[in-house]
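Protein chains in written order, with this note's numbering: chain A, 835 to 928; chain B, -17 to 457; chain C, 5 to 482.
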Amino acid sequence: MIDAKQVLHVARLSRLELEPGEVEQMATELSSILGHIEQISKLDLDGVEPTMHVVPIDGGLRDDEPEPSLPIEVALSQAPKANAEGFIVPSPQA
Amino acid sequence: MSAADYEVTIGLEIHVQLATRTKMFCGCETSFGDDPNTHTCPRCLGLPGSLPLPNAKAVHFGLMMGLALGSKIAPRSIFHRKNYFYPDLPKGYQISQFDEPLCDGGELGGVRLNRVHLEEDAAKLNHAGGTGRIQGSDASVVDFNRGGTPLAEIVTEPDITSAEQASEWLRLLRVTIRQLGVSDVNMEEGSLRCDANISIRPKGQAELGTKTELKNMNSFRFIERGIKAEVARQVAIVDGGGQVTGETLHFDPRTEAITSMRSKEEAHDYRYFPEPDLVPVVITPDMIEAAKAELPELPLQREDRFIALGVEPGAARTLSWRPELGDLFEAELATDGSQPKALAALITNELLKRIGDGEVTDSKAAPGSLAQLVALTAAGTVSSSGARTVLDTLFASGGDPAAIVEAEGLTAMGGGDELTPIIQAALDANPDVAEKLRTGDMKPIGVIVGFVMKETKGRADGKEVTKVTRQLLGL
Amino acid sequence: MSDLTSIIREQSATEQIAAIKSGALDARELFEAYRSRAAADTFNAFTWVADEAPAALPAADTPLAGLPVAVKDLFSTEGVPTQAGSKLLEGYRPPYTSTAVAKLEAAGASMHGKTNQDEFAMGSSNENSAFGPCQNPWDPERIPGGSSGGSAAAVAAGHAPWALGTDTGGSIRQPAAMCGLVGLKPTYGAVSRYGMIAFASSLDQAGPITRTVADAALMLEHLHGADSRDMTSVGLREPIAVPSRESLEGLVIGVPAELTGEGVEEGVAAAFQVALAEAEALGASLETIHLPHAEAALSAYYVLAPAEASSNLSRFDGVRYGNRVEDADGTLLGMYTRTRHDGFGPEVKRRIMLGTYALSAGYYDAYYGTAQRVRTKIAGDFTEAFKKVDVIATPTSPTVAWKLGEKSSDPLAMYLSDICTIPMSLAGIPGISIPCGTSQGMPVGLQLAAPAFGENLLLGVAHALERTLGFDTGGAIR
Ligand SMILES: [Mg+2]
Ligand SMILES: [Zn+2]
């Protein structure tokens, strides 16, 4: 169903690091779950519309009115690394 | 083969920041140049549990753009999530429109549009460079002020065939959007950003070549130069028997170097799916009416109207693509509408020369004085070269054109009677010229005209000088 | 047994509020009693307990009179740890409060603790918590259910008069059933999701876990409402009445063949039959119905929920909040992958992987697109069923609470335990679980479901049954 190579690709997309032992285990577990999920592909769903929200919801829009922003010290307060210039991250170019 | 043996195909993707007061999905004010991270909230920081709230004004602006560009407005459009990781993207996905955009198709200035859709801008990632090294590598700093600013993304069909056409068309797009009042469209400040998809193919070949994407060129000059450089690069590759690789490229305007931005392994899989925190945007007839009601006259419409008045096409384009010139033209025309063509020429040639890189407001000419000057010229009161002298004064210090003509002794000279002795003197002073003219070779006539102009301080009319000269020489 | 302990043991939240209002009970003393019980909790039901009562407790004339409430740690609470059962969020204190909690507080409730849960609400046993598993007060060797396991355990143990939970595929109803309590998942959109950390946005709903149906109604009345901060919230169409129904005369109860047969534990099936017999005795008639896509619902759910979750959890990247782990080279990619490797537990990783796979190029139509169509079919199954019946009844869970560790190594077996609650989640309709007896000495839940916005009907029927079933919801309070 899903092999180690696919697992590594999906892990990369998800920004998840898997240790060598975890790759095989993940492949086995995901294959078993996907094997069960497969059954939905056997249903006849021709002409059936996909449903995003079952309960009808009117699409509202927000007026373009400013609301107070967070004080900068609050905005930065939960950051693992920050200075006055903002949130510090390793450079994507490094 | 040479560059001339290839056809160039260009499609543009333009991101325009919309001039709303608040961001696309939260109530933080949009800003430029403020202290970093002073315009953030749980929504635009992507805090756990926060939810997006779409801005009605952004939708309204999107509708205005779609209507102005002749798009089909979707009665129901959907926001999707475009998933990828980057520090400037707080939620790990960008809320954007995918297969059901707000505006479908359209056309502007002969270039077809694929779509216009709404999305949110990324934050600003500042590269800290040498200031701080974190565990051996340079750090970057994220400022979320810009994050979440509403964007309209305009995607063209690949209808553009040269770098010059691309930058010319982009100018038209910019002035059109500016006229709509939905964006500042300022490339330097990043409220207008352009990516180009570029491919070449041997002339006559039906299928398109492999395209590359040239990212974020931040001025009209760079766009033209960037596209030219990329076309040259592709021609060199194909001429050398190679194949163009489909990749994302960066153009460095200082070195003209083109470099690859991402390696191929990073091929993106954005995993688009409908944003479950939002419901479809439903566009009612009232919303469309409201957007229509706010549509101003667009540059191309204005251009056509000016041409219909008799304005030369080139001047009409200048006047309509630089709305402040067009506005001046119309204001002057309102005081005296008798000479639209000459007035347009005066503004787009002489006045524009004096403005240079400055603003229309640099001119001190009082309202109506340009139209008066044109009228004085048309009546023969002042010669065209005299008129330029008057304009110098009007531009620098204002005043009444007729009074300036009078005061500076610029009244046009009459016909032959007044001119004959001066022209005779000119012919006498330049016998070799006179001889040539007598044989019918009119090339050196400029010498005579120049002599007369000098003598009359420009009050003579050049055409009249030529006419009298011919009479005197019996031609 | 002190006076207060016996009050805690004997009285529902509604009764305690009435006692405060009448002056018979002091709100501050009651708060302190619950607070100290929560602080001494041995079931690992809490991840945070208030140090003391707030300086100004809401007045007795507010609707909820200052009564304490335990809040699942999935709800953002300003300045108070909000960790969602995740190591990645350990120590995170949000700068804002979720609408659901703010509404309860505005009505006079006072939060005395945050409760343990499966990490990001992913799980059915509360074993997937970075803060350790939670125990079932009815039998500490057993799980309390999940993902709102801490909320259910706290109420069952008498460490909270009631609690706020969340339900994506059964996470209120199933732990309520396993802890002998009432758990209500409202119609999707009834309660604002603003500030509630998202698991699967199109399914998540907040709701009460309580001792009585009247308590659930009371909390829901103060929870629901369209919220301008959540575009998908619509509120309920009518106020929630105090349930008073005693007779089920004229009511037709549908019993879906697909959810009541094979796979249901014998003792659970027996208790369910007793409940149905009681309903008949109250005047209801029973009708066997079919939900042909009920089994496919589980599969569709395990596509939709992980897909949305994989995207919802992308924001946990170590940049703006939460714990960051960097790799030795200090690269951005390394920071992302180490942070998420160390920060997320195995079940969360599994679902992120599953969801990312289901949305990835080439698989979207086969998985996500198909699952969205199955959802349409399931909603249609319920629409058809509700043409014939007023409410639908099933066991809430096919089994009673299992032993800690019993299903930990088999994710699929764990997923299958949600078979009875997931169809209602996909259809967006309200479901309630009430205790209806015991099996192996553990509580069994009866699930009732009604059409969308049918909360008053649902609560009325549940109230009538609760009276005759007479389950002692304080049975585990010591
Ligand atoms: Mg875009
Ligand atoms: Zn904001």
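Note that beta-carbon positions come from the ideal geometry of N, C-alpha and C, so glycine has one too.
- Ile21 of chain C is positioned such that its CB atom lies closer than 8 Å to that of Leu68 of chain C.
- Within the model, the alpha-carbon separation for Ala454 of chain C versus Tyr68 of chain B is close to 44 Å.
- Among the residues of chain A, none has a CB under 9 Å from the CB of Glu312 of chain C; the nearest is roughly 10 Å distant.
- The C-beta distance from Pro72 of chain C to Ala164 of chain C rounds to 6 Å, short enough to fall under 8 Å.
- Across the structure, Leu8 of chain C and Asn140 of chain C are spaced so that their CA atoms are roughly 23 Å apart.
- For Glu285 of chain B, same chain residues with a beta-carbon under 6 Å away, outside a window of 5 residues either side, are Ala298, Arg299, Ser302 in chain order.
- The continuous stretches of beta strand (DSSP E) do not include Phe276 of chain C, which lies in the alpha helix (DSSP H) extending over residues 270 to 285.
- Here the alpha carbons of Gly(-7) of chain B and Thr138 of chain B stand approximately 6 Å from one another.
- In this structure His226 of chain C is buried. Its beta-carbon is surrounded by 16 or more other beta-carbon atoms within 10 angstroms.
- Of all residues in the segment 372 to 396 of chain C, the ones placed with a Cβ closer than 8 Å to any Cβ belonging to chain A are Gly373, Thr374, Ala375, Gln376, Arg377, Val378, Arg379, Thr380, Lys381, Ala383, in chain order.
- The beta carbon of Arg355 of chain C does not come within 8 Å of any beta carbon belonging to chain B, so the residue lies off that interface.
- In the pairwise beta carbon analysis, the segment 5 to 22 of chain B is classified as not touching the segment 179 to 192 of chain C: fewer than three pairs are separated by under 8 Å.
- At a Cβ-Cβ threshold of 8 Å, Ala394 of chain B and Gly368 of chain B count as neighbours.
- In chain order, Gly31 make up the part of chain B whose C-beta sits under 7 Å from the C-beta of Gly199 of chain C.
- Note on Thr51 of chain C: 16 or more other CB atoms within 10 angstroms of its CB, so buried under the neighbour-count rule.
- The residue among B:Ser(-16), B:Pro34, B:Ala(-14) with its C-alpha nearest the C-alpha of Ser232 of chain C is B:Pro34.
- In this structure, the straight-line span from the alpha carbon of Gly228 of chain B to that of Glu330 of chain C is close to 33 Å.
- Within chain B, the residues Arg3, Thr4, Gly9 have their CB atoms less than 9 Å from the CB of Glu899 of chain A, given in chain order.
- In the same chain as Asp45 of chain C, and ignoring 5 residues on each side of it, the C-beta atoms closer than 6 Å to its own belong to His163, in chain order.
- With a 10 Å radius around the Cβ and a threshold of 16 neighbouring Cβ atoms, Leu457 of chain B comes out exposed.
- Annotation for His(-3) of chain B: Leu133, Glu135, Arg175 place their beta carbon closer than 7 Å to its own, counting only its chain and skipping 5 residues before and after.
- Close CB contacts of Val246 of chain C within its chain, under the 7 Å cut and outside five residues either way in sequence, are with Ala218, Ala221 (chain order).
- Between ligand 1 and the CB of His(-3) of chain B, the shortest heavy atom gap is smaller than 7 Å.
- For the segment 168 to 197 of chain C, the full-length alpha helix (DSSP H) segments reaching 4 residues or more read 177 to 182 along the chain.
- Ser133 of chain C is positioned such that its CB atom lies no closer than 8 Å to that of Asp422 of chain C.
- The beta-carbon of Val164 of chain B is placed no less than 8 Å from the nearest beta-carbon of chain A.
- The beta carbon of Pro439 of chain C does not come within 8 Å of any beta carbon belonging to chain A, so the residue lies off that interface.
- When CB distances to chain B are screened at a threshold of 9 Å, the residues of the segment 314 to 338 of chain C falling below it are Ser314, Ser315, Asn316, Leu317, Ser318, Arg319, Phe320, Asp321, Val323, Arg324, Tyr325, Gly326, Glu330, Asp331, Ala332, Asp333, Gly334, Thr335, Leu336, Leu337, in chain order.
- Residue-level contact check: Lys106 of chain B does not touch chain C, since none of the beta carbons of chain C fall below 8 Å from its beta carbon.
- The residue among C:Glu470, C:Thr236, C:Pro58 with its C-alpha nearest the C-alpha of Gly894 of chain A is C:Thr236.
- Spatial neighbours of Lys210 of chain B in its own chain (CB-CB distance under 7 Å, excluding positions within 5 residues in sequence) are listed in chain order as Ala145.
- Ligand 1 never approaches Ser365 of chain B closely enough for any of its heavy atoms to be under 7 Å from the residue's Cβ.
- Contact holds between the segment 84 to 104 of chain C and the segment 199 to 216 of chain C, because three or more Cβ pairs, one in each stretch, are under 8 Å apart.
- Secondary structure remark: continuous alpha helix (DSSP H) runs of at least 4 residues inside the segment 392 to 420 of chain C, in chain order: 415 to 420.
- Under the three-state reduction of DSSP, Pro18 of chain B is assigned to coil, being neither helix nor strand.
- Taken in chain order, the unbroken stretches of alpha helix (DSSP H) that lie wholly in the segment 267 to 327 of chain B and span 4 residues or more are 267 to 275, 281 to 290, 295 to 303, 305 to 317, 322 to 327.
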